[in-house]
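Peer 1: Okay, here's the structure, questions in a sec.
Shown next, in the form of structure tokens:
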């Protein structure tokens, strides 16, 4: 979602007669689009602000912080030691030219962090960089309120784009040479507009002439509908890959997280997906070290991961986020060394499972969509198969 938002911001700025440069040393304005989900992302932004602060000491420079971190931390980012001039939340990107103008005119810091019930940016065509894949946000916000997550507080409540708007954007992308789109939402299976559900939207997008592949991310395990699985199974242009966030495998921890399903529910869903869509690729997200999680409760997560057999997994160490229910209610009491142990354990487990699942493809022929030169070799190219597995 952040990459898509950056494309929106690029479009707004270019339409406002600003010119993009690649090097911060040449820029009059630097905008940092941020994420509030992980501590690592926060630390990287503070590091960038320090670097930009050194430039600002030598010459005039307007520094802006955008997105979820801006919405969540607000006034903290306006501390003079951080050298930030502009703060704009995810629903305030349209205001950027005005905010920047105010800074240039009077030298004061400018702030816009109001959340909107209606902002979808569906009238703004993102200024994308070249590639084979284009991101399309089909909805914004989230109504799930998982206790570890700040997104409902930084991006607001769920609202969905009109189906026709998404289809029109897809047609425009095809005319520009894109052959793959990825539909984005915090919880895409909550998409609904004038009676149309996400399965209807997926089918309509996949039917656009010239589209070769349609991907989506991310659904929520609590309410993944059969009609969506049917579209993934039956439509030749919809990729057979579902990213299904697990987060934890222990029922007590899942309840504390407010995930609204049990470990058994998740396994049953994974089985249903595999029965419905033969050969489907399943990937996931997992959090280790949630407050009060014991070693045995953590092992429940490991057992679910082993039972499901994900093709790949992103393992995250729990970190407190300002404004979340988890931070207000529970102490972050799992020691760092224990979190590290659990992260290494699951990564080692997943590497073994991933290797076995990848080895099952030896001898098979896959259609690969080439994305560009390999980063590891000047003579090789890389791409992905239908299941989003990278191939060199």
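Numbering (our numbering), first residue to last: 9 to 400. Beta carbons are placed, not taken as given, at the ideal position from N, Cα and C, and that holds for glycine. Note that the coordinates shown come from a computational prediction; the quantities given were computed from them, not determined experimentally.
Of the choices 309, 130, 102 and 209, whose alpha-carbon is the least far from that of residue 240?
Peer 2: Among 309, 130, 102 and 209, the Cα nearest to that of residue 240 belongs to 209.
Peer 1: Give the range of the beta strand (DSSP E) segment to which residue 324 is assigned.
Peer 2: That run of the beta strand (DSSP E) goes 320-325.
Peer 1: Helix, strand or coil: which one does DSSP assign to residue 114?
Peer 2: In this structure, residue 114 counts as helix in the three-state DSSP scheme.
Peer 1: In the structure shown, what three-state DSSP assignment does residue 253 receive?
Peer 2: If DSSP states are grouped into helix, strand and coil, residue 253 belongs with coil.
Peer 1: To the nearest whole angstrom, what separates the beta carbons of residue 274 and residue 254, a pair I think is in contact under 8 Å?
Peer 2: Confirmed, about 6 Å.
Peer 1: Does residue 56 have its Cβ less than 8 Å from a Cβ in chain D?
Peer 2: Given the protein chain composition of this structure (a single chain), no chain D is represented.
Peer 1: With distances taken between CB atoms, is the gap from residue 252 to residue 222 smaller than 8 Å?
Peer 2: Cβ distance not < 8 Å, so residue 252 and residue 222 don't count as in contact.
Peer 1: With DSSP as the reference, please indicate the residues paired to residue 293 in a beta bridge.
Peer 2: Residue 293 pairs with 322.
Peer 1: Please report the Cβ distance between residue 135 and residue 18, rounded to the nearest whole angstrom; I am assuming they are in contact, meaning their Cβ atoms lie under 8 Å.
Peer 2: With 8 Å as the limit, residue 135 and residue 18 qualify as a contact, their Cβ atoms being about 4 Å apart.
Peer 1: Any idea what DSSP makes of residue 32, helix, strand or coil?
Peer 2: Of the three classes helix, strand and coil, the one that applies to residue 32 here is helix, per DSSP.
Peer 1: Check for me: the beta strand (DSSP E) holding residue 178 runs from which residue to which?
Peer 2: Unbroken run through residue 178 is the alpha helix (DSSP H), 171-183; no beta strand (DSSP E).
Peer 1: How would you write the range of the alpha helix (DSSP H) that residue 58 sits in, first residue to last?
Peer 2: Its alpha helix (DSSP H) spans residues 47-66.
Peer 1: Can you tell me where the alpha helix (DSSP H) with residue 344 in it begins and where it stops?
Peer 2: Where residue 344 is concerned, the enclosing alpha helix (DSSP H) stretches over 344-367.
Peer 1: Would the beta-carbon of residue 226 fall within 8 Å of that of residue 296?
Peer 2: Not closer than 8 Å, so no.
Peer 1: Taking one C-beta from the segment 115-127 and one from the segment 91-99 each time, how about it: are there three or more such pairs within less than 8 Å?
Peer 2: Touching, per the Cβ criterion.
Peer 1: Under the DSSP definition of a beta bridge, which residues are partnered with residue 201?
Peer 2: Residue 201 pairs with 204.
Peer 1: Could you name the residues that DSSP lists as bridge partners for residue 267?
Peer 2: Answer is none; residue 267 lacks a bridge partner.
Peer 1: Could you give the first and the last residue of the continuous beta strand (DSSP E) run that contains residue 225?
Peer 2: 221-225 is the extent of the beta strand (DSSP E) around residue 225.
Peer 1: Nearest by alpha-carbon distance to residue 70: which of 348, 302, 333 and 110 is it?
Peer 2: Among 348, 302, 333 and 110, the Cα nearest to that of residue 70 belongs to 110.
Peer 1: Note down, in chain order, each residue of its chain lying with its Cβ closer than 7 Å to the Cβ of residue 260, except the 5 sequence neighbours on either side.
Peer 2: Cβ within range, chain order: 305.
Peer 1: Less than 8 Å between the C-beta atoms of residue 281 and residue 237, yes or no?
Peer 2: Yes, Cβ-Cβ distance for residue 281 and residue 237 is below 8 Å.
Peer 1: Please determine if the segment 147-164 and the segment 325-335 are in contact, where contact requires at least 3 C-beta pairs separated by less than 8 Å.
Peer 2: The segment 147-164, when compared against the segment 325-335, does touch it at the 8 Å Cβ threshold.
Peer 1: If we count the other Cβ atoms within 10 Å of its Cβ and call it buried at 16 or more, is residue 148 buried or exposed?
Peer 2: By the 10 Å Cβ count, residue 148 comes out buried.
Peer 1: Using CA coordinates, which residue listed in 267, 283 and 285 is at the minimum distance from residue 294?
Peer 2: Answer by Cα proximity: 267.
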